[in-house]
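S.K.:
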Amino acid sequence: MSTKTATKKTWTYPHRHLLGVESLSKDDITHILDLAEGYIEKNRQIDKKHVILKGRTLINLFYENSTRTRMSFELAGKRLGADVINMSVATSSVKKGETLIDTAMTINAMHPDFIVVRHPESGAPYLLSQKVNCSVINAGDGSHEHPTQALLDALTIRRKKGRIEGLVVAICGDILHSRVARSDIMLLNTMGAKLRIIAPPTLTPADAHLLGAEVFHDIRKGLKDCDVVMTLRLQTERMLGTFIPSIREYFHFYGLDYEKLSYAKKDAIILDPGPVLRGVQIDSDLADDIQRSVILDQVEMGVAIRQAVLEILSHTLQQ
Ligand code: CP
């Protein structure tokens with residue numbers, strides 16, 4: 000008999016930071032989603048507390064507005080037992096002219112374990128990660144990436160549809176300025192979904208085909224037989240100039256309503272990362288239709304995903 004014992008291959012997250020989904024394998028994504036599953040039920044209980052981050056410190060550093068991402072990172076950190084500080088950029092020394100790097104090095108000197116950063120410039124979280132000793136999590140950088148949004152979208156889809164592989168997913172709206180679209184396209188492609196983007200030519204990135212998505216300018220053709228439809232708001236804060244003739248015309252051609260949705264599969268679900276601009280990217284009644292819309296499920300999954308991300312990154316921290 001062989002003296003060798005079978006060794007079970009254990010998965011470990013191969014990075015110190017979460018800066019984007021580009022570097023995540025199918026195996027990495029599956030492990031994060033599986034870990035998040037375990038948090039969902041606990042978050043529905045009266046006692047939501049864990050101690051795995053006891054003694055750890057998380058700093059939320061948001062240079063752009065946020066409701067969902069900032070609050071869910073705060074909840075995730077607190078439920079895992081960490082101390083969480085929300086740095087108010089608007090009332091900080093950033094307003095006196097302190098640079099991102101100086102701010103990062105100042106925070107680093109206080110020995111945090113995690114910095115969660117949202118910034119209007121693409122690449123800012125990467126830059127910050129080069130200057131600090133702790134884990135950096137990208138909470139959205141310019142029009143580049145929003146990795147935890149893509150993970151929570153994948154978890155929402157997997158729970159609602161039972162799988163991701165082989166699903167046809169259409170992302171509709173302002174793709175050009177959307178970090179959510181970029182991260183979702185990459186992550187869902189990695190998981191084996193078939194991606195489509197639907198947008199007017201002015202809001203379609205020139206390199207859209209390189210992202211691995213089929214491009215449609217006619218929403219009815221783009222929605223045909225889709226399993227999942229994701230709507231995106233117009234990112235006016237990133238627009239230099241005019242990209243649409245008017246909101247009314249944009250909603251007429253690209254706003255999702257029941258008539259346009261009828262081209263998708265009968266059981267197609269609707270996602271939107273929020274904030275939802277009713278009557279712009281989606282009809283108000285449809286956004287509230289719990290037979291089709293899973294927008295609030297996405298919010299719930301957001302906390303669980305952020306707990307899972309903090310847990311895996313905590314294994315890479317100094318013990
Ligand atoms: N989806 C998302 O990033 O929402 P917030 O801007 O409210 O964080």
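Numbering of the sequence shown is given in numbering that gives the first Met the number 0, commencing with residue 0 and proceeding in unit increments.
We put the CB at the ideal spot given by N, CA and C, even for glycine.
#1: Could you spell out where the beta strand (DSSP E) holding Leu57 opens and where it closes?
#2: The alpha helix (DSSP H) with Leu309 in it runs from where to where?
#3: If you compare alpha carbons, which of Leu151, Val131 and Asn132 is closest to Ala138?
#4: Beta carbon of Asn137: closer than 8 Å to some heavy atom of the ligand CP?
#5: Can you give, in chain order, each stretch of the alpha helix (DSSP H) that sits fully within the segment 63 to 98 and has at least 4 residues?
#6: Ends of the alpha helix (DSSP H) at Leu285?
#7: Count the other CB atoms, across all protein chains shown, that sit within 10 Å of the CB of Thr2; report buried if there are 16 or more and exposed otherwise.
#8: If you pair each beta-carbon of the segment 216 to 235 with each one of the segment 165 to 181, do three or more pairs fall below 8 Å?
#9: Tell me whether Glu213 sits in a helix, a strand or coil according to DSSP, three-state version.
#10: If contact is defined by three or more beta carbon pairs under 8 Å, each pair taking one atom from either stretch, is the segment 286 to 305 in contact with the segment 67 to 75?
#11: State the Cα-Cα distance for the pair Trp10 and Leu32, rounded to the nearest angstrom.
#12: Is the separation between the beta-carbon of His110 and that of Gly19 shorter than 9 Å?
#13: What residue does the beta strand (DSSP E) around Gly278 start on, and which one ends it?
#14: Which residues bound the beta strand (DSSP E) around Leu194?
#15: Closer than 8 Å: is that where the CB of Ser65 sits relative to any heavy atom of the ligand CP?
#16: Are there any heavy atoms of the ligand PLP lying less than 8 Å away from the beta-carbon of Val179, as far as the coordinates show?
#17: Report yes if the C-beta distance between Asn85 and Ile106 is below 9 Å; otherwise report no.
#18: Which residues in the same chain have their Cβ closer than 7 Å to the Cβ of Leu316, if we skip the five residues on either side of it in sequence?
#19: Roughly how many angstroms lie between the CA atoms of Met190 and Asp27, to the nearest whole one?
#20: Do you know how far the Cα of Gln148 is from the Cα of Leu186?
M.R.: The short version:
#1: Segment Thr56 to Phe61, the beta strand (DSSP E) holding Leu57.
#2: Counting along the chain, the unbroken alpha helix (DSSP H) around Leu309 starts and ends at Ile294 to Ser313.
#3: Answer by Cα proximity: Leu151.
#4: Flag unset: Cβ of Asn137 not near the ligand CP.
#5: Every unbroken stretch of the alpha helix (DSSP H) spanning 4 or more residues and falling wholly within the segment 63 to 98 is given here in chain order: 67 to 78.
#6: Counting along the chain, the alpha helix (DSSP H) containing Leu285 begins and ends at Ser283 to Asp287.
#7: The pLDDT assigned to Thr2 is 45, lower than 50, so where the model puts this residue is not dependable, and the model offers no usable value.
#8: They touch, by the three-pair rule.
#9: Collapsing the DSSP output to three states places Glu213 in a strand.
#10: Touching, yes.
#11: Taking the straight line joining both Cα atoms gives about 13 Å.
#12: Gly19 is positioned such that its CB atom lies no closer than 9 Å to that of His110.
#13: From DSSP, Gly278 is part of no beta strand (DSSP E); its letter is neither H nor E.
#14: Where Leu194 is concerned, the enclosing beta strand (DSSP E) starts and stops at Lys193 to Ile197.
#15: Result yes, Cβ under 8 Å from the ligand CP.
#16: Of the ligands one can find in the structure shown, namely the ligand CP, none is the ligand PLP.
#17: Contact: no.
#18: Shown here for Leu316: same chain residues with a beta carbon closer than 7 Å to its own, the five before and five after excluded, namely Asp112 and Ser134 in chain order.
#19: In a straight line, the C-alpha of Met190 is about 11 Å away from that of Asp27.
#20: Roughly 10 Å between the two C-alpha positions.
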